[in-house]
Every structure is written in structure tokens, then in C-alpha cells.
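Asker: Questions regarding the structure given below will be posed in turn.
Protein chains: 2
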Amino acid sequence: MSKSSLVKSILSVLTLGLMAGTVLSAEKMIAPTPNGIEIPKNYKNWQMIAVSHRTDNQTLRAILGNPLAVKAAKQGNTKPWPDGAILAKIVWKDSDHPLWQAATVPDALVHAEFMIKDSKKFPATEGWGFARWSGMEQKPYGKDASFAYECLSCHQPAKANDYVFTKSAQLP
Amino acid sequence: MSKSSLVKSILSVLTLGLMAGTVLSAEKMIAPTPNGIEIPKNYKNWQMIAVSHRTDNQTLRAILGNPLAVKAAKQGNTKPWPDGAILAKIVWKDSDHPLWQAATVPDALVHAEFMIKDSKKFPATEGWGFARWSGMEQKPYGKDASFAYECLSCHQPAKANDYVFTKSAQLP
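In the order they appear, the protein sequences are chains X and E. This note's numbering numbers the first residue of the first sequence as 1 and each following residue consecutively. This note's numbering numbers the first residue of the second sequence as 1001 and each following residue consecutively.
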């Protein structure tokens, strides 16, 4: 083997290695929840519907929606929400801003949770598929599929709003 | 004129009227700020960078970024932020959630404000163009162009972070 073909071979192997690394990283497996829900694709790019701060568990939240949910929220078409609407709630521990004492800002990610409206698929939980992935490792929440009743139970106070606490934040 | 052409004419006039209404509404004029900044297009669809809650003025905030700002934030390329990056901060009065006492949620919109990085265009304010539009009527803030020094003055504590208080919220 000539020197140049050796260099070429080494470069090829390195390139393949890098490509494999990229593919593995892009395809990082996130396990589905015990009720068989896969994490919605691209949710981090969804549009914001509202924000909130819970002082009972010291968390800040961003509520995002898939395009169908954002449209429904804008049109006030939320009693009930249409099939296909997905709401994402991203939750962080709160913390004081080091440079502005009276500002509370996100600290570590707690979890990302979802409500997926599909009245045919999730009749037992009022038409909503509940799902949550905890922490940066995105570990699916729940020992078995019954965890969804725990979710629904907490959402009972919002029954009149199709079990959704979030109200769209006012925007021009 | 026959009955059917009369009906057609009336329908045409009604259709044109509706179309004109739509165009006027879509082209609703929003005045530029006294320092000559036009409100960034499409900012309500931008991706979220962080959220915050200020207890000194009882406001909840969503911080969004244009695609260049989101990319810079993800890469930690923010000291300084690159020219072309735009940060939007949407600010609402806070209020208690009627169905969950310990949750603070957005009430009325206070304003949408922006930091536009352009080191050539805004050398007097550390490379940032400051802009704010108040309320649902989106009234430009500031009596004259000097209002931007008021903005910069409040941002001095964040000088080491290129005058930006916002740190990206952790996401998987």
C-alpha cells in the first residue's frame, strides 16, 4: 500500500467513525412510556402557548403546542381540544437569578410532559394520552400504564376546560 | 340587469369588501420605535430560550429567539452574541391560577421587547438595538431615541454576558 492510499484508508475509517457517531447521536433511543406513547418529534421547536410558575413545588414551566394545538388555542376551539392536538409542558426547578435577585429563572430540567388528544385511542383517560419523560436522560415516567390515571386525577379540577389547566397567554 | 347578474354583482362587492378587510387586518401598521426599529416579523413563532418570573414587578416572561439567536444560545456562542441575533421578551402581569392556587400564570400582556444585535448599527448601545412595544395596541416605547440608554442602564449588571440576563433553559 502506498503512503497516500494508507492516508486515504485512515481518513476513510475516521470519517466512517465520525458518521456512525453522528447517526448514533441523532438516533439516540428514547424509550416509550408504559402506556405506549413515543416522545413527540420536534417538540422543542413548537410555539409557546403560555408560561407558569408553581410555588408549591418551585418549578417554572413553558407550555408549547404542536401546530394543531396552537391553532385550536388561538381560535378558542378547546372545549374539547381537537383530536391531534398535543400540549408539551417543559418543567424546570426554579432558582434566583444571580444578577437580579427578584427574578426567578430555570435551573435543572425536571421533566417534559405531554397531553396528546386522541379520543379514539385514549377513551379511558377522557381522550387524552398522558406521557412524561424525566430529566436530561428522558426516562419514561410510570411503573405501568396505570400512571395515566394519576395524571388525570391531578387534572380533575380543570375538567370543565377539557382537563387542561393552561389558558393561552395574551398576544397581539 | 338580470336578477342573477344583480345577485352576482352584490356577491362580488361583498367578497371584495371581505378581502379588503382581511388585507387591512393583516397589514395593521405598527409604528417603529423612536430609534427607528421596526417590530421583528414572525417573532411569536420563534423558539423558546427561557422563561422567568419577576417578583419585583409581578410579571411572567417568555424569552424567545430568532433562529440565529437560538443557534448561538445552543452553541454557547454568546460572548458576544453574533450580529443578526434577536432576543424577544414577552412580558405579562402575573396572576393566580383560578384552579390551582400555587400556580402563577399570565394575565394581561404588558409589552414585547427586543434586543437586536448589530454591532455596526448600534455602537452607542454596546451593539444592541433595544426596542419595546407596549400592550395589545403595540405602542412603541420611548419619547425619543435616548430611551435605549435607559434599557442599557438596567442591563449593566449583565455586562459580562454581553448585557443579556437570559441563560438558556436546560433542554435534552
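Heads up, the beta-carbon is just placed ideally off N, CA and C, and yes, glycines get one too. Fair warning: this is a prediction, and the values are worked out from it, not measured in the lab.
Establish whether the CB of E:Pro1040 and some CB of chain X are separated by less than 8 Å.
Answerer: Chain X, which has no Cβ nearer than 8 Å to the Cβ of E:Pro1040, makes this no.
Asker: Please compile the residues from chain E whose C-beta is within a distance smaller than 9 Å of the C-beta of X:Ala103.
Answerer: Ser1052, His1053, Arg1054, Thr1055, Asp1056, Arg1061, Phe1165
Asker: Just how far apart, CA to CA, sit X:Met29 and X:Glu38?
Answerer: 10 Å
Asker: Using C-beta distances below 8 Å, list every residue in its chain close to E:Thr1125, excluding the 5 sequence neighbours before and after it, in chain order.
Answerer: The residues are Ala1148, Tyr1149, Cys1151, Leu1152.
Asker: Give a yes or no on whether the C-beta atoms belonging to E:Ile1086 and E:Ile1116 are separated by under 8 Å.
Answerer: yes
Asker: Could you compute how far the alpha carbon of X:Pro98 sits from the alpha carbon of X:Gln58?
Answerer: 17 Å
Asker: Tell me which same chain residues have a C-beta within less than 7 Å of the C-beta of E:Ala1073, skipping the five on either side of it?
Answerer: Ile1049, Gly1065, Ser1168
Asker: Pull up the distance between the alpha-carbon of X:Gly21 and that of E:His1053, whole angstroms please.
Answerer: Annotation note: pLDDT 46 at X:Gly21 (below 50); position unreliable, coordinate value reported separately. Distance between the alpha carbons of X:Gly21 and E:His1053: 39 Å.
Asker: X:Trp133 and X:Ala108 - do their beta-carbons sit closer together than 8 Å?
Answerer: Cβ atoms of X:Ala108 and X:Trp133: not closer than 8 Å.
Asker: Just the chain E side, please: which residues come within less than 9 Å of X:Pro106 by C-beta, in chain order?
Answerer: By Cβ distance, chain E contributes Ala1050, Val1051, Ser1052, Lys1167, Ser1168, Ala1169, Gln1170.
Asker: Since E:Trp1081 meets chain X, which of its residues come closer than 7 Å, beta carbon to beta carbon?
Answerer: Residues of chain X passing the Cβ test: none, with the nearest at roughly 16 Å.
Asker: Within the 8 Å Cβ cut-off, does E:Pro1140 reach chain X?
Answerer: no
Asker: When the Cα of E:Gln1170 is compared with those of X:Met136, X:Thr55, X:Gln75, which residue comes out closest?
Answerer: Minimum Cα distance to E:Gln1170 is reached at X:Met136.
Asker: Using a Cβ-Cβ cutoff of 7 Å, what residues of the stretch 143-159 of chain X are near chain E? List them in chain order.
Answerer: Pro157, Ala158
Asker: Could you list which residues in chain X have their beta carbon closer than 9 Å to that of E:Met1219, in chain order?
Answerer: This structure gives no information on residue 1219 of chain E, because the portion of chain E shown stretches from 1001 to 1172.
Asker: For X:Val164, does the three-state DSSP call read helix, strand or coil?
Answerer: coil
Asker: Does any residue of chain E have a CB that is nearer than 8 Å to the CB of X:Ser25?
Answerer: Caution is warranted here: a pLDDT of 45 is assigned to X:Ser25, below 50, making its placement in the model unreliable, and the coordinate value is therefore given only provisionally. Contact of X:Ser25 with chain E is not assigned, every C-beta pair being separated by 8 Å or more.
Asker: Could you tell me how far apart the beta carbons of X:Trp92 and X:Pro106 are, in whole angstroms, since I believe they sit closer than 8 Å?
Answerer: 4 Å
Asker: For E:Leu1099 and chain X, any beta-carbon pair shorter than 8 Å?
Answerer: yes
Asker: Pick from E:Lys1041, E:Lys1139, E:Asp1096: whose alpha carbon is nearest that of X:Val51?
Answerer: Ranked by Cα distance from X:Val51, the options E:Lys1041, E:Lys1139, E:Asp1096 are led by E:Asp1096.
Asker: Round the Cβ separation of X:Ala102 and E:Asp1056 to the nearest angstrom and send it over; I've been treating them as touching at under 8 Å.
Answerer: Contact annotation, X:Ala102 with E:Asp1056: C-beta distance approximately 4 Å; criterion of less than 8 Å satisfied.
Asker: Look up E:Ile1039 in the DSSP assignment and give the residues it is bridged to.
Answerer: E:Ile1039 pairs with nothing; no bridge assigned.
Asker: How long is the line joining the alpha carbons of X:Pro123 and E:Pro1067, rounded to whole angstroms?
Answerer: 39 Å
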